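J.: Sharing a structure, written as structure tokens. Questions coming.
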Amino acid sequence: MTFKALVLNLDYTPITVCSVQRAFLLVFMKKAEIIKANGTHSLRTVSANFPMPSVIRLGRYVTAPYKSVVLTRENVFKRDGFTCQYCGTQKDLTLDHLTPKARGGDTSWNNLVTACKKCNSFKGNFTPEEAGLQLSSKPYKPSYLTYLHNLSGVNYDEWKPFLISEVA
Ligand SMILES: [Zn+2]
Numbered sequence: 013m014t015f016k017a018l019v020l021n022l023d024y025t026p027i028t029v030c031s032v033q034r035a036f037l038l039v040f041m042k043k044a045e046i047i048k049a050n051g052t053h054s055l056r057t058v059s060a061n062f063p064m065p066s067v068i069r070l071g072r073y074v075t076a077p078y079k080s081v082v083l084t085r086e087n088v089f090k091r092d093g094f095t096c097q098y099c100g101t102q103k104d105l106t107l108d109h110l111t112p113k114a115r116g117g118d119t120s121w122n123n124l125v126t127a128c129k130k131c132n133s134f135k136g137n138f139t140p141e142e143a144g145l146q147l148s149s150k151p152y153k154p155s156y157l158t159y160l161h162n163l164s165g166v167n168y169d170e171w172k173p174f175l176i177s178e179v180a
């Protein structure tokens, strides 16, 4: 597996995730410092062992561009844990508009949920209430930090203190 490092801004706000190699380079060039090292692995060269960065903090404040999670089919699936929000199956997934498009429902985080094709076609041109379907969770717009947290399935314990307040 390839290791990732969480990059914090000068004020400890998480801004991105990068490869360990890139994190190491930033530290090596004194542009960042290691806040947390990977406890079990280190970077080995012929002559020395270096701690493997897991969380680094930039040495100067970077004005991060406004980050928001792009609304895509894949990202809606991810938000919903690849699970039909009506029956809980993980097979044959598609996107369901809560308020159907034909009835003015928009394509937005709050109107889209993951549904299996069966539930989706059963629901047809109705809202969940009209079709007698119960949503397992209310749709929401994920924050960028939730997204970082879920990124490529990386979930290191040492990242948690920096992400947890936003994820909760
Ligand atoms: Zn279903």
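Take 13 as the starting number for the sequence shown in the numbering used here and just add one per residue. Cβ coordinates follow ideal geometry from the N, Cα and C atoms, glycine included. Just so you know, these numbers come straight off a predicted model, no measurement behind them.
#1: Along the alpha helix (DSSP H) that carries VAL58, what are the first and last residues, could you check?
#2: With H, G and I counted as helix, E and B as strand and the rest as coil, what does DSSP make of PRO65?
#3: Ends of the beta strand (DSSP E) at LYS16?
#4: Given 7 Å as the limit, tell me if ALA127 has its C-beta closer than that to any heavy atom belonging to ligand 1.
#5: I'd like the list of long-range same chain contacts for PHE94, defined as Cβ closer than 8 Å, with 5 residues on each side in sequence excluded.
#6: Which residues share a DSSP beta bridge with CYS96?
#7: Counting only the same chain and skipping the five closest in sequence on each side, list residues whose C-beta sits under 7 Å from that of VAL81.
#8: Would you check if the distance between the CB atom of ILE47 and the CB atom of LEU20 is smaller than 8 Å?
#9: Any heavy atom of ligand 1 closer than 7 Å to the CB of LYS135?
#10: Can you tell me where the alpha helix (DSSP H) with VAL88 in it begins and where it stops?
T.: Short version:
#1: Taken as a continuous stretch (DSSP letters only), VAL58 belongs to no alpha helix (DSSP H), as it is neither H nor E.
#2: Assignment of PRO65 by DSSP, reduced to helix, strand and coil, places it in the strand class.
#3: Where LYS16 is concerned, the enclosing beta strand (DSSP E) stretches over 16-20.
#4: yes
#5: GLN102, LEU105, THR126
#6: In DSSP, CYS96 forms no bridge with anything.
#7: Excluding positions up to five away in sequence, the list reads ASN87, PRO154, TYR156, TYR159.
#8: Taking 8 Å as the Cβ cut-off, ILE47 and LEU20 qualify as a contacting pair.
#9: Judged by the Cβ position, LYS135 fails to qualify as a neighbour of ligand 1 at the 7 Å threshold, every heavy atom of the ligand being at least this far.
#10: 85-91
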